[in-house]
Amino acid sequence: PRLHVESDLAAGVVLPLDRAQANYLLNVLRRGPDDPVLVFNGRDGEWRAHLVQTGRKGADLHVSERTRAQTPRADLHYLFAPLKSARLDYLAQKAVEMGAGTIRPVITRYTQGERINMDRLRANAVEAAEQCGILAIPDCPEPEKLGPALAGLAPERLLVFCDEDAPVSDPVRALREAADPAQPPPLAVLVGPEGGFSDDERAAIRARPNTVALSLGPRILRADTAAVAVLTLVQAVLGD
Ligand code: SAM
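In my numbering, the protein residues as written are 6 to 245.
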C-alpha cells in the first residue's frame, strides 16, 4: 500500500500513525512487520517503511530507504464546473488518475450544487494520488469564475474545451491539428456543468486564442463522463 504523510522523509525517521491509519494497515490490509509500506509526502519522493506495532492498536512506520525520487506535478490543468458532492468525489479522483496536476473548479452561470467543499476535494486528490501511484500532490486552487480562470491560463497553454455543440468530427485529428504531438503544449481541459455553458460563456471561451472546441461524439455525456473521455483523449494523443 502507499500512504501519504505530512512529515519530512529520510532514512531512520519514525512516523507515528493515527488510529485510522494504524487500523487500516494492521486490520484492513493485515500488514505485519515484514510487509513494507510505501510512504510519500509530495516533496521527498517515495520511501519504503516498515510497520512496528506499539501496544494493542497503535503502530509506527520506520522509514528505511527511498524507492523513487520526487517527480514534478503534472502540467495538465483540469477546469470543471462543480457537480453535486458525490459526483465531485468521483470526478476529482478520475481527474487525478487521468493525469491532471491542477484541479480547478470554475463557477459558471448554470453551475449547480452547494458551495464546494475544498477540503473534501483536496482529500480526494490525495487519496487518488495514493491509489494511482503519483508522488506530487495535485494542486486544488480555490474556485473562481470562468472569466478569471480563463484569463489565468498562460497564453501558450492549449485549452481543450469540451463543447457538445461543436460539430462531431474526429477528436484525435482535431487535437493533432491544434497541437504539435512532437512538442505538445501545456494543456488545460474545460468541462461544463450539468446545465451547460451559457451562450456568452461559450463565446468567451471560443474567443480565447489557442483553444480547441472538441466534440466527444453525438451523445450528451454527463460532465463526469466527459471528464474521463476528454482526459483519456488528451493523454492518448498529447500526453506525457
Ligand atoms: N448542454 C448539455 C445538455 O443539453 O444536456 C448540458 C451539459 S453536459 C451534461 C455537461 C458538460 O459535459 C458540457 O458542458 C460539456 O463540457 C461536456 N459534454 C457533454 N457531452 C459532450 C459531447 N458530446 N462533446 C463534448 N463535450 C460534451
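Ideal Cβ placement from N, Cα and C applies to all residues, glycine included.
Where do the ends of the beta strand (DSSP E) carrying residue i lie?
i: residue 112; result: 107-112
i: residue 8; result: 7-9
How long is the line joining the alpha carbons of residue i and residue j, rounded to whole angstroms?
i: residue 195; j: residue 16; result: 42 Å
i: residue 12; j: residue 20; result: 8 Å
i: residue 91; j: residue 121; result: 11 Å
i: residue 151; j: residue 112; result: 6 Å
i: residue 230; j: residue 64; result: 40 Å
i: residue 81; j: residue 192; result: 5 Å
i: residue 89; j: residue 52; result: 36 Å
i: residue 225; j: residue 102; result: 23 Å
i: residue 148; j: residue 38; result: 43 Å
i: residue 114; j: residue 71; result: 47 Å
i: residue 276; j: residue 123; result: Outside the displayed range of the chain (6 to 245) lies residue 276, so it cannot be described from this structure.
i: residue 240; j: residue 176; result: 13 Å
i: residue 66; j: residue 146; result: 31 Å
i: residue 14; j: residue 205; result: 49 Å
i: residue 153; j: residue 18; result: 43 Å
i: residue 168; j: residue 69; result: 49 Å
i: residue 76; j: residue 29; result: 27 Å
i: residue 208; j: residue 144; result: 28 Å
i: residue 163; j: residue 136; result: 28 Å
i: residue 227; j: residue 202; result: 13 Å
Nearest chain D C-beta to residue i closer than 8 Å, yes or no?
i: residue 145; result: Note that chain D does not occur in the displayed structure, where there is just one protein chain.
When the distance is taken between beta carbons, is residue j closer than 8 Å to residue i?
i: residue 54; j: residue 41; result: yes
i: residue 243; j: residue 160; result: no
i: residue 86; j: residue 133; result: no
i: residue 105; j: residue 128; result: no
i: residue 58; j: residue 22; result: no
i: residue 221; j: residue 180; result: no
i: residue 47; j: residue 73; result: no
i: residue 217; j: residue 187; result: no
i: residue 10; j: residue 33; result: no
i: residue 214; j: residue 173; result: no
i: residue 56; j: residue 35; result: no
Contact check, residue i vs residue j under 8 Å by CB: the rounded distance?
i: residue 198; j: residue 107; result: Their Cβ separation, rounded to whole angstroms, is 19 Å, which puts residue 198 and residue 107 out of contact at 8 Å.
i: residue 165; j: residue 235; result: 6 Å
i: residue 7; j: residue 138; result: 7 Å
i: residue 210; j: residue 155; result: 7 Å
i: residue 109; j: residue 83; result: 7 Å
i: residue 171; j: residue 219; result: 6 Å
i: residue 232; j: residue 100; result: 6 Å
Q: Jot down the residue ranges of each uninterrupted alpha helix (DSSP H) in the stretch 152-231, minimum 4 residues, whole runs only, in chain order.
A: 176-183 and 204-212
(Q) Extract the residue ranges of the beta strand (DSSP E) inside the stretch 70-153, only unbroken runs of 3 or more that lie entirely within it. (A) Complete beta strand (DSSP E) runs here, min 3: 81-85 and 107-112.
Q) What residue ranges within the stretch 21-61 form continuous beta strand (DSSP E) runs of no fewer than 3 residues, ordered along the chain? A) 41-45 and 51-59
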